Amino acid sequence: MRDQTLLTSLERFLNRLYEVSLCALPAPIRRRWAADMRAMFARRLREAADAGGAPAAVALGSRELGSIVFAAFQSRVGQATGRDHRAYDAQDGSDVWRTDPVPAYFHPEDRRPLKLATMGALAFHFGLFLVVFPGPGDTAVIEEPIVQIIQGPYVPPPLPKEIEPLERVVKTANPWPIPDPTPRDPEPIFAREVVYTSRVSEAVSTEFEVGPPAEPPAPPRDRVRAELDVERPRLLEKILPVYPELAVRARLECVVVLEAIVGRTGDVVDVTVLRGCALGLDESARTAVRQWKYAPTTINGRPVEVIATITVNFELR
Amino acid sequence: MSTKKLIEAADVEPEIDPESLVPLPRLAFQVLLALAKSDRHGYAIAKEVERNTDGRTKLSTGSLYLSMEKLHAQALIEESDRPAGNDDARRRYFRITLLGRRVARAETERLIHLVNLARERDLLSDAGFPASGEAEAQG
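The listed protein sequences correspond, in order, to chains E and Y. End of the first sequence sits at 504 in this note's numbering; the numbers just go up one at a time, nothing left out. End of the second sequence sits at 161 in this note's numbering; the numbers just go up one at a time, nothing left out.
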């Protein structure tokens, strides 16, 4: 029972498939013969299924489908190559073939989808021309950082000129501790000219103002912020921070922002780290700034404390 | 075929030399042979062709109807009225036209001529062929 149901479904499917494949035939042939072909196919399929079951039905179906494709190909080629110089006289609606001196490549009904398909194909291929595919020449190249390996003896870096006056401090502090971890086998140094310096720049910030702004006589404040209208505290003695060895090895570059309170005598009384860095950079900056010496700042002839914001750039060169 | 129909067929058929259409394709000749005696529908034509060739020719619908399409286009066959007593509306019956008959005759004469040629050259007699015993001896 179940087999019979399956067989019926298979027959129905094959019949439908056959109907679809009939669309491949040129329109006049299809119109003239399709009904007969369908009926004949259905009958033969029924016979085959009765005789040999599903395998026979499938075999017949595939053979018939193939023959349809072949017939469609043959008839269309016959028309296209002009072997059948026939045109379908559709003007008066008569169902008559007439011999035409001009090859009728396709029936008007067939010509329309053919035109559409041709135009579509042309447009598609034209579009393909416009698409820019990546070629071998214009692939994206990820630029490697310029690294040049020079193996050689360690050359002590020349001292920047601007810190020459502080040479004494620098020497004692040994601010460029670049020990060779493997002395017997010189370590490759990853730079063209490796110069490790610590550059320290000091900035007096201008962004703040403490106290009531609109009081002209301004009672003398003990502690003022270094502002624009206040004379910038003059730095008398500047000690460069030591670049910590660990940070050099880790090639850590960072900016430490400090807030220093300059006392009335010009000594740095207190240093607060506003923005710190790891590996001892802020500690080093703090220690150095603690030793700085400013000229005393006076307002109205009276020495005051000044808050200065100091930015220390630790950069490796 | 009645006389009237013959006249009609003679009227509508263009002046085509039957000799120009021979040799016929093998399948086309088989279809004409199947329709020579009586009008048939497509399935009956296929069955007749199979019977005439002792089942050696297995017609597919595609090749059969493509062949019929060509025969129809050349006006060698045409659709006929459904015979009385057959009420299956789906079936269309076909008959051979006068031109079809002429062409089939021309094709037959061509084949007869070939057969006669073969007979003259002793292809149909035993002459020239080794006897069965000799053939085995040679084989």
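Think of the CB as a built atom: it goes at the ideal place given N, C-alpha and C, for glycine as much as any other residue. Only a predicted model underlies this, so the values are computations on that prediction, with no experimental measurement involved.
query, result
"Identity of the residues DSSP links to G489(E) by a beta bridge", "Inspection of the sequence shows that residue 489(E) is occupied by Arg rather than by Gly. Answer is I486(E)."
"Beta-carbon neighbours of A258(E), restricted to chain Y and to distances below 8 Å", "G84, S85, Y87, L88"
"Rounded distance between the beta-carbons of E198(E) and R233(E), thought under 8 Å", "7 Å"
"Reduced DSSP category for F501(E) - H, G, I as helix; E, B as strand; rest coil", "strand"
"Status (buried if at least 16 other CB within 10 Å, exposed otherwise) for K92(Y)", "buried"
"Chain E contact for G64(Y) (CB, 8 Å cutoff)", "yes"
"Touch test, the segment 424–431 of chain E against the segment 464–480 of chain E, Cβ-Cβ under 8 Å, three pairs minimum", "yes"
"Member of L422(E), L194(E), P300(E) whose CA lies at the smallest distance from the CA of P242(E)", "L194(E)"
"is_contact[S42(Y), chain E] using C-beta, thresh 8 Å", "no"
"From V449(E), R231(E), M224(E), A238(E), residue whose alpha carbon lies closest to that of S89(Y)", "M224(E)"
"Beta-carbon proximity of V460(E) to V443(E), cut-off 8 Å", "yes"
"8 Å Cβ cutoff, A68(Y) in contact with chain E", "yes"
"Exposed unless 16 or more other CB atoms sit within 10 angstroms - verdict on E251(E)", "buried"
"C-alpha distance - A236(E) paired with S249(E), whole-angstrom precision", "13 Å"
"G211(Y), buried or exposed, once every other Cβ within 10 Å from all chains shown has been counted against 16", "Any answer about residue 211(Y) is impossible in this case: the structure gives chain Y only from 23 up to 161."
"Where R225(E) sits in the DSSP three-state scheme", "helix"
"Inter-residue spacing [alpha-carbon to alpha-carbon] between L503(E) and F313(E)", "56 Å"
"Neighbour list for E251(E) in chain Y, Cβ cutoff strictly below 9 Å", "S82, T83, G84"
"When A482(E), P483(E), P420(E), L309(E) are compared against T496(E), the one with the closest alpha-carbon", "P420(E)"
"K480(E) - partner residues in DSSP beta bridges", "E424(E), D454(E)"
"Neighbourhood of L433(E) by C-beta distance below 6 Å, restricted to the same chain and skipping five residues each side", "L466"
"Beta-carbon neighbours of F228(E), restricted to chain Y and to distances below 8 Å", "T83"
"Interface partners of H219(E) on chain Y, CB under 8 Å", "The residue asked about is misnamed: residue 219(E) is Arg in this sequence, not His. Neighbours of R219(E) on chain Y, chain order: E91, H94."
"Rounded separation between K69(Y) and A229(E) - CA only", "15 Å"
"Straight-line gap, P45(Y) to L247(E) (C-alpha atoms, nearest Å)", "31 Å"
"CB of T484(E) within 8 Å of CB of P490(E), strictly", "yes"
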